[in-house]
Amino acid sequence: MTRKLILLLFLLPSFAGFSQKIDLLLLNREFEKAIIVIDEKLAENPSAELYYKRSLANKQLMDYPAALKDLNHAISFDSTQVIYRTARADMYQSLGNYEKAVADFKHALIIHPGDLLIKYELGKAYLWLNDYSEAYETFEEIQSVDSTNVMFNKYSALAAFKAEKYKRAIYLYHNYLLQNEDDLSAYLNLAASYEKSEEKTRVKTVLFSAKQKFPNSRALHLKLANTFFENKDYQFAQQQYHKYMARYDTLLPVLLNYGICLYHNKQTEDAVEILEKCYSAAPNDVYVNFYLGVCHKRLNEYDLASEYLDFAIYMSIPEFHPEMYHHLAQVYGAMREFERSIECYKKAYELDANKVEVLFEIATTYEEFNFNSTLALNYYRAYLKEAGEQAENADYALSRIEKIKEELFFE
Numbered sequence: 001m002t003r004k005l006i007l008l009l010f011l012l013p014s015f016a017g018f019s020q021k022i023d024l025l026l027l028n029r030e031f032e033k034a035i036i037v038i039d040e041k042l043a044e045n046p047s048a049e050l051y052y053k054r055s056l057a058n059k060q061l062m063d064y065p066a067a068l069k070d071l072n073h074a075i076s077f078d079s080t081q082v083i084y085r086t087a088r089a090d091m092y093q094s095l096g097n098y099e100k101a102v103a104d105f106k107h108a109l110i111i112h113p114g115d116l117l118i119k120y121e122l123g124k125a126y127l128w129l130n131d132y133s134e135a136y137e138t139f140e141e142i143q144s145v146d147s148t149n150v151m152f153n154k155y156s157a158l159a160a161f162k163a164e165k166y167k168r169a170i171y172l173y174h175n176y177l178l179q180n181e182d183d184l185s186a187y188l189n190l191a192a193s194y195e196k197s198e199e200k201t202r203v204k205t206v207l208f209s210a211k212q213k214f215p216n217s218r219a220l221h222l223k224l225a226n227t228f229f230e231n232k233d234y235q236f237a238q239q240q241y242h243k244y245m246a247r248y249d250t251l252l253p254v255l256l257n258y259g260i261c262l263y264h265n266k267q268t269e270d271a272v273e274i275l276e277k278c279y280s281a282a283p284n285d286v287y288v289n290f291y292l293g294v295c296h297k298r299l300n301e302y303d304l305a306s307e308y309l310d311f312a313i314y315m316s317i318p319e320f321h322p323e324m325y326h327h328l329a330q331v332y333g334a335m336r337e338f339e340r341s342i343e344c345y346k347k348a349y350e351l352d353a354n355k356v357e358v359l360f361e362i363a364t365t366y367e368e369f370n371f372n373s374t375l376a377l378n379y380y381r382a383y384l385k386e387a388g389e390q391a392e393n394a395d396y397a398l399s400r401i402e403k404i405k406e407e408l409f410f411e
C-alpha cells in the first residue's frame, strides 16, 4: 500500500513547503495530521491537488464517503486529470457503485485513449457490473494490442468465460496457465468451459492436473467428485465422495450423491443406510424419497418402496414423473396389485411416449393378471409398432402374440 502511495505522489506536480510536509505525513502514515495541514491550506487556497491528497488520507483512514467527496471536489476544480478520474472510479468500485465506476473509467479513456491500464480497469468494472458482453469486448481490444501480460490474460479469459465464449475461454485459459500455473480458479473455469463445450474427457484431464497441483483443495476435490457423478461414472464418483467425507464436514448434497452412487453400484443396503440419514435431515426431498423407494424395491421391500415412490411423485416436478411412475408400477406388480400397476404404467407412457418398453410391461402385466388376453395382445402389437427395430423384447412379444391368438381361436 505504501509503495502505491509513493507512486501516486510522484505522479503529481511538485509542491513547495507545505506540499512536501503533506507528502511526508502521508508517507509516514500520519493521516490525521496530514488532513489538519491540508484543511489549513484549503481554507487559504483550495485546489484539486489538495482535495486529491486529502482523499488519499481519508481512504487510508477507511473513511470512503469522505474520500469520495474529496475526489468530487478535485474533479470539479480540474476535470482533465486522469488520476482523479481513476481514483474516483476505484472508490466507486469499493463502495459497490460499478455503473459510476464504468462512467469514470470511460471518461478517463477519452482523456487518455489507448491506455491499456485504464482499459483493463474498465474491463474489470464491467465484470463486477455483470455486463459480460462489454467486458469481453473490452478485453478483446486489449488482447489485440497485448496478449503477453499475465493479468490481461487472466481477466480476458474470465471475461470470455462469463460471456459464454467457451472456445475462446479455453484458448485464453491455456495461455494464461502457461504463465501462471498456480491459479486454482483458472483450472476450474477451464474445466467448466470444456464441460460447456461437451468435451468431457478434457474436463477430467484438467481436473486431474489441478488435483496434482492442489492436492489439498476442498473445492477441487468436490468438483472432481461432482463431475464424475454428473457423467454417471458412479464407481469413481463414489470413491471421491468417500475420500471427501473422510476429510471434511459433509453437507446433505454430498451425502445424497454418495448414497445415489451406492445404489447404482449395487451396494443397496449401504445406500439405504446413507439415504435414511438424508431422510432424517430432509424428509420432503424428492431425490431422497425416490432413491429410498428404488432401493427398497430392489430389496423386495415393496410396501416401503411404494410409500417412498408415491411421495416422491407427489413432491416432484413433472419431468421426473415418468421414471417414478415406471418404478412404482413395477413395485405394485411385485405386490400383486395389478390394477394399480397398470394404472402407473399407463401414466408413465402418457407422460413420456419414448418409454416404449412400458407397453411391453403393460402387456405382460395383463397376462399375469389374467384379466384380458385381448388387451395384452393389443399392447404387444402396439409395443412392436412403436418400438420398431429398437424393441428389446421383440422375440418374446412375437411369441406371445402367436400364443394368445391360438388361445383366442380355441375359446
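When we follow UniProt numbering, the leftmost residue of the sequence shown carries the number 1, and every step to the right adds one.
By construction, the Cβ of each residue, glycine as well, lies at the ideal position given by its N, Cα and C atoms.
Predicted model, so just to flag it, every value in this text is computed and none were measured.
Around Val37, the same chain offers Phe18, Lys21, Ile22 and Leu25 as residues with beta carbons nearer than 7 Å, after the five sequence neighbours per side are excluded. Residues Asp70, His73 and Ala74 of the same chain have their beta carbon placed closer than 6 Å to that of Tyr51, with the five preceding and five following residues left out of the count. For Ile404, the CB contacts under 7 Å within the same chain, skipping 5 residues up- and downstream, are Ser373, Ala376 and Leu377 in chain order.
Around the Cβ of Gly123, a 10 Å sphere holds 16 or more other Cβ atoms; the residue is buried.
Taking the Cα positions, Ile142 is about 30 Å away from Lys59. For Ala169, the closest C-alpha among the options Asp182, Leu178, Glu181 and Lys154 is that of Lys154.
Remark: C-beta atoms of Leu255 and Ile274 approach each other more closely than 8 Å.
Going by C-alpha positions, Glu99 is about 53 Å away from Lys347. With a 10 Å radius around the Cβ and a threshold of 16 neighbouring Cβ atoms, Leu328 comes out buried. Straight through space, the alpha carbons of Thr364 and Glu402 are spaced by roughly 14 Å.
Taking the Cβ atoms as the reference, Glu386 lies roughly 6 Å from Leu359, within the contact range of under 8 Å. Inter-residue distance for Glu30 and Leu56 is about 12 Å (C-alpha atoms, whole angstroms). A distance below 8 Å separates the beta carbons of Ala108 and Thr86. A distance below 8 Å separates the beta carbons of Ala135 and Ala159.
In this structure, Tyr258 keeps its C-beta atom at 8 Å or more from the C-beta atom of Gln239. When the beta-carbon positions are compared, Tyr380 and Ala391 stay at least 8 Å from each other.
Rounded to the nearest whole angstrom, the C-alpha separation of Val206 and Glu198 is 14 Å. Rounded to whole angstroms, the gap between the alpha carbons of Leu95 and Tyr64 is 8 Å.
Look at Lys232 here: in three-state DSSP terms it is coil, with no helix or strand label.
Classified as buried, Lys41 has 16 or more neighbouring CB atoms from the shown chains inside 10 Å of its CB.
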